[in-house]
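To keep things clear, I will list the structure first and then write my remarks on it.
There are 2 protein chains.
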Amino acid sequence: MGRIVVDVMLKPEILDPQGQAVRSALPRLGLTDFTDVRQGKRFVLSVDGEVTPEHLARAREAAETLLSNPVIEDVVDVHELVHDEPEQAPLTGEGAR
Amino acid sequence: MGRIVVDVMLKPEILDPQGQAVRSALPRLGLTDFTDVRQGKRFVLSVDGEVTPEHLARAREAAETLLSNPVIEDVVDVHELVHDEPEQAPLTGEGAR
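So the protein sequences, as listed, match chains A and B. Using numbering that gives the first Met the number 0, read the first sequence as starting at 0 and increasing by one per residue. Using numbering that gives the first Met the number 0, read the second sequence as starting at 0 and increasing by one per residue.
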């Protein structure tokens with residue numbers, strides 16, 4: 000089974016209240032390094048078999064038409080999820096490496 | 000200015016109604032390749048200057064404590080956003096390459 004990642008972020012000129020809320024909460028946890036936070040969406044699309052260029056083209060079409068609102072959002076990346084990537088293998092908690 | 004990406008996805012065993020809604024809508028757009036869709040969150044944290052290992056450690060701490068709910072979500076990736084990555088440079092629309 001192949002998987003394709005689509006990353007969608009608000010356009011830089013669009014206000015991001017969720018990101019700002021996170022930004023404001025970080026210093027309360029003692030984390031003062033971060034000057035800005037933006038929150039976006041990440042989709043993982045599964046396909047049968049290997050990911051082909053046609054799958055990627057259709058994922059891009061889905062990204063433009065359904066997964067993002069082109070008035071306020073940018074599709075910043077569409078790529079195959081390679082098996083070496085630590086996806087779904089949590090970095091923390093019970094299943095962590 | 001350095002940037003760090005934190006990717007958070009629902010744990011595989013947790014139902015994802017948003018992803019299912021997207022999954023159900025795709026065939027209506029003629030996109031029938033996709034067998035499953037999962038929707039997660041993507042955060043971009045900015046820091047002053049270069050991203051250091053300490054920044055990444057603190058981003059991971061933020062990911063675990065604030066950006067994800069460890070009961071239902073996994074932090075699947077924390078990495079520096081390298082300038083070669085097409086981030087914030089939209090793939091589509093006015094600013095597209």
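Beta carbons: idealized from backbone N, C-alpha and C, even for Gly.
Check, Outcome
"Residues that DSSP places opposite B/Lys40 in a beta bridge", "A/Lys40 and B/Val7"
"Same chain only: Cβ atoms within 6 Å of B/His78, ignoring 5 sequence neighbours per side", "Val4"
"Contact set for A/Ser67: own chain, Cβ-Cβ below 6 Å, skip 5 residues either direction", "Val7 and Val74"
"Residues bridged to B/Val46 [DSSP beta-bridge criterion]", "A/Phe33 and B/Gly1"
"Proximal residues to A/Leu44 (C-beta, below 6 Å), its chain only, five neighbours per side dropped", "Ile3 and Ala58"
"Residues of its chain near B/Val21, where Cβ-Cβ distance is below 7 Å and the 5 sequence neighbours each way are ignored", "Val36 and Gln38"
"Separation of A/Glu72 from A/Lys10, as counted between CA atoms", "5 Å"
"Burial state of A/Leu25 (16 or more Cβ within 10 Å)", "buried"
"Option in A/Asp32, A/Asp76 and A/Gln17 with minimal Cα separation from B/Glu49", "A/Asp32"
"Cβ neighbours of A/Arg41 in the same chain (closer than 6 Å, five flanking residues each side left out)", "Asp6"
"Cβ-based burial, B/Val46 [other Cβ within 10 Å; buried from 16]", "buried"
"The alpha helix (DSSP H) enclosing B/Val21, as first and last residue numbers", "Pro16 to Ala24"
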